[in-house]
Amino acid sequence: MTDAEQREAARQFVNRWMGKGKEDEDGRSYWIDLLTNVLGMDNVTERLNFEKKVVIDGNTKRIDVYIPETRVIIEQKSLGKALDQKIRNSGDVDLTPFEQADRYNGKLTFDERARWIVTSNFAEIWIYDMNQKQPEPTKIALDELQSKYPLLDFLVKKEVKTISHEMEVSIKAGDIVGLIYDAFLKQYRIPDIKEKDETSEQKEKREHKLKSLNALCVRIVFCLYAEDAGILGKRNMFHDYLETYEVRDCRRALIELFKVLDTPISDRDEYLEEDLAQFPYVNGGLFADETIEIPPFTEEIKELLLTKASEDFDWSDISPTIFGAVFESTLNPETRRSGGMHYTSIENIHKVIDPLFLEDLQEEFNAIKQIQVKRTKDKKLDEFQNKLATLTFLDPACGSGNFLTETYLSLRRLENEVIRERVGGQMTLVEAHNPIKVSIQQFYGIEINDFAVTVAKTALWIAESQMLEETKSIVYGFNDDFLPLKTYVNITEGNALRLDWNEVIPATGLSYIMGNPPFVGARWMNKEQKKDMELVFHGIKDFGNLDFVTAWYKKASDYIQNRDIFTAFVSTNTITQGEQPAIFWKPLFEMGIHINFAYRTFRWDSEANLKAHVHCVIVGFSHAKSNKRKVIYDTNGDMKIAENINAYLIDSDDIFVGSRKHPICSVPEIGIGNKPIDGGYYLFDKEEMEEFIKQEPKSQKYFHPWYGAREFINRTPRYCLYLGNCSPKELRELPECMKRVEAVREYRLQSTSAGTRKIADTPTRFHVSNFPKGSYIVIPQVSSERRRYIPMGYMDESVLCSDKVRIMPMGTLYHFGVLESNVHMAWMRAICGRLKSDYSYTVNHVYNNFPWPELQEKQKERIEQSAQGILDARALYPDSSLADLYDPLTMPVELRKAHIANDKAVMAAYGFGIKMTEEECVAELMKLYQKMQG
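In terms of this note's numbering, the sequence shown is residues 1448 to 2381.
As structure tokens, this is what we get:
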């Protein structure tokens, strides 16, 4: 789900549930709808426990909703019931909904105790953090859900620790920015002409108006923040200035104010009105452009600025890191999606910058603090602070600057610790003239979007202001003024893939590169992005199969050649899976690039209104060899020391698994199932098939059960009308079937693909046919990452399978046992592609490259027996689907034991010890693969 889709899903949810809600009738539907359609939870009904039993005073009670994975209790009330009102419960006890839920919570086992309690009356959701001593609710009204749904992440994410006040404030700030943006947008006279119909002059005018609107919003927000933070001189200064003007005069007043803010006091008109003369000189270029267009005010705009944006909100509490991303959410969602932009939580930023440099700096500082000799310690502290002031950072896809901002804040916080340690709060006024050495001038960025550039600069200025105040609280007598701005932000507007980064900052003067470049898949790039890839990957074969993000890796690798520059990027996990590692990483390794640390696949979330949920990896790399130990972090954040980190983020040799047309070992070839290209005219659900047969009884023998991956795993077949074996004479006697054949022919003729139009001549046949004789093994193409094993199984020739499964004809029990083993699953997890985070089983990469064991007959017999044991264990539960049987929460003990026995048999065939980890297993398989390659 893209960010725009998620925001739209929240809007639709609000529309569906506004004014509705009965506790008993609607509670279950409400939460299934919210968790599935807004928060993106898969298999909700399997993962939620409705009406969970709990015994209180000998009586059985029921928890409305319990989420085991995230340990959430939900107490649902009907619409109109106040969530702070006590209600009479059994035992003549008056309890609020929270008290009722907390009472249930006390009767759960320790491992089940709620981390969070939620109460709801459909119109409101109240969230209680049970880690707080006195839990106070965070409240979300239904009509606020479109902007506040990020606060509900804890429902689906175990890693959420707290609901941050900074995050709440920053999201609310983003809402206000959106209101300001929309209100002013109405005032700009932008003709209602489709872009394709615009003249060049009309396009230029429209773009100038939109750029002006972006700049106007940034300036207003800076004024709102500056007055609340006290850096204008006194609070409410901007508010009080604007309040004195009539609506018709506000435009002129704002133009005059912006001009004054950009004029040094010494250059101002000595007769300037007092209400303008009181404002300080800002500097920094924020108010320099006098060509920006400012439209007339309305009563709505003035009221919005004075009340909602000023009187009712304190901007000084915002997090500049989060706010930069939230601010940018005022942009058109289509612009964000096409550019691949995504926004980043502070927690995830630290997954990049901590192992890249921050952990080392903190460790170095901690060692200095342990020095007992004051003179030596002070000297080391001074040297360390000077070192902080010499480090330089580049984010070559900086967006709204959240990586740069958080890095600056982290460095300044560390510097403030140094200052605190150095002076003990006793520095005199003279000595404390300016104890700060770290500057935002150490931070460089490249960004293609002009608005994002302005937002990034503003976020860094806000960060600088906040850290100045923190230093003032440490150093006695230090009272430096923030304005006028004394430092400049080195952010370059331009296309990072076409710029020479040395023109932004010479490689000789750079310490670190970091960021999260755009996430655009290989098949989703626009013409300009494809051209960028051509320029960056000139001379590298098959680069057209690489994701857009890889261009930043290649560009960075060229830039850091023979330099002690260390780099870390966030990327879509596909660059370490499937076909991309061999295409992409091999030439980089040949250039001398080393991977120093990595985070394996995890979900990368944002803190903006429009959230991106993408499955990512983090890769830290350099050309220079690092003296640090190499570290791999798994999905849960657990750390492992590695000898070498290869392109699959495994501790193993640098081996590349390419695409292979045939198996590397002597095993049956597998292929995809049937690909009809029929527009759906040959596919039926059970009821549709039965109705069709009623109309045309003779068609019954041409229907076959139809299984794709979903139907196979859930045991819910559809049905396929296959007429390929029907003689022309009989077909002409089946008028309803003839209608379907004609519909398929027309569907194929309308295709833009020449190949599809060609097969319109044989409309009763499939585009790809695969009809094995006898029984065959079915492997679902896509399967949930939650499953330890991809559920495979047998089908016979009466069943037709779609191209969403892989088929192994002549698959024996031995083949089934090896394929269903933890050994093959480990290989699959390392090599396969992913659909979101789900496994995508590929023939040419996963199966054809898999090194099968060389084994003795007894070992083969043992695997055949253990494979049969898996089938026998499944047969004990004839009413359960494979989805039921392989859910980690409901997997029967008999099936689990059967799989363990099969795992042991297969591992023994390879000579692997049973205590071998999955990563060690993959490393050994890669060695076998390399050996088989010759």
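Backbone N, C-alpha and C define an ideal beta-carbon position, used for all residues, glycine too.
Note that the structure is a prediction, hence the values are computed from the model and not measured.
Nearest neighbour of residue i, chosen from the options [CA to CA]
i     : options                    : result
R2010 : E2232, S2313, H2070, V1967 : H2070
K1508 : E2366, Q2027, T1517, E1522 : E1522
L1858 : A1844, C1845, P1843, S1886 : S1886
G1991 : E1746, I2030, L1589, L1701 : I2030
L2342 : Y2000, N1578, D1489, S2268 : S2268
K1919 : R1867, Y2294, N1949, L1723 : R1867
A2024 : Y2333, D2285, R2179        : Note that residue 2024 corresponds to Gln in the displayed sequence, not to Ala. Checked all of Y2333, D2285, R2179; the closest Cα to Q2024 is D2285.
K2307 : F2297, L2260, D2331        : L2260
K1656 : K2077, Y1628, C1670, R1682 : Y1628
Y2294 : Q1547, E2135, I2111        : I2111
P2219 : D2350, L1660, Y1855, E2116 : E2116
K2251 : G2105, S2222, W2153        : W2153
R2234 : A2330, V1485, A1836        : A2330
L2130 : G2258, N2161, G2039, Y2166 : Y2166
F1898 : L1663, R1869, E1981, R2076 : L1663
R1682 : C1670, L2168, I2007, L1944 : C1670
A1906 : R1475, K1469, V1668, G2039 : V1668
Span of the alpha helix (DSSP H), counted from its first residue to its last, around residue i
i     : result
Q1809 : 1806-1816
I2310 : 2304-2322
M1980 : 1974-1983
D1842 : Unbroken run through D1842 is the beta strand (DSSP E), 1840-1842; no alpha helix (DSSP H).
W2299 : Unbroken run through W2299: none, as it is neither H nor E.
E2346 : The residue you asked about is not Glu; residue 2346 is His in the sequence shown. Segment 2340-2357, the alpha helix (DSSP H) holding H2346.
F1898 : 1897-1921
P2175 : 2175-2179
H2262 : 2260-2266
V1427 : For residue 1427 there is no data in the structure shown, the boundaries of the chain being 1448 and 2381.
Limits of the beta strand (DSSP E) - the one that residue i falls within
i     : result
C2167 : 2165-2168
K1443 : The first residue shown for the chain is 1448 and the last is 2381, placing residue 1443 beyond what the model contains.
G2240 : 2240-2242
L1542 : 1540-1542
A2015 : 2013-2019
E1721 : Looking at the DSSP string, E1721 is not in any beta strand (DSSP E); the run it does join, the alpha helix (DSSP H), is 1721-1724.
I1534 : 1534-1536
Assigned secondary structure, residue i (DSSP; H/G/I helix, E/B strand, else coil)
i     : result
M2185 : helix
K1554 : coil
H1655 : helix
F1705 : helix
F1460 : helix
L2096 : coil
I1503 : strand
R1509 : strand
I1574 : strand
M1413 : Nothing can be reported for residue 1413, as the shown portion of the chain is limited to 1448 through 2381.
K2072 : coil
R2192 : helix
M2384 : With the chain covering 1448 to 2381 only, the question about residue 2384 has no answer from this structure.
I2278 : helix
G2202 : helix
Residues near residue i in its chain [Cβ-Cβ closer than 7 Å; skip 5 each side]
i     : result
I1987 : P2034
E2026 : N1992, S2106, H2292
I2097 : A2277, E2366, V2369, A2370
8 Å CB neighbourhood of residue i in its chain, flanking five on each side removed
i     : result
G2360 : M2354
Residues near residue i by beta carbon distance below 6 Å, same chain, minus five either side
i     : result
E2371 : none
V1707 : L1723, F1726
A2356 : P2300, L2302, Q2306
V1491 : I1479, L1482, T1483
M1788 : Because M1788 carries a pLDDT of 42, less than 50, the predicted location of this residue cannot be relied on, and no value is offered for it.
W1573 : L1530, T1566, P1584, K1586
Kindly confirm or deny that the stretch 1735-1749 and the stretch 1631-1647 touch, where touching means at least three C-beta pairs closer than 8 Å. yes
Taking 8 Å as the cut-off, does the stretch 2109-2128 touch the stretch 2213-2228 (at least 3 CB pairs, one atom from each stretch)? yes
Would the stretch 2108-2122 count as touching the stretch 2244-2260 if we require 3 or more Cβ pairs under 8 Å? yes
Touching by the beta-carbon criterion (3+ pairs, under 8 Å), the stretch 1999-2018 and the stretch 1798-1809: yes
Between the stretch 2144-2158 and the stretch 2310-2322, can you find at least three pairs of beta-carbon atoms closer than 8 Å? no
Inspect the CB distances between the stretch 1558-1574 and the stretch 1511-1519 and report whether three or more fall short of 8 Å. yes
Does the contact criterion of 3 or more C-beta pairs under 8 Å hold for the stretch 1644-1651 versus the stretch 1689-1709? no
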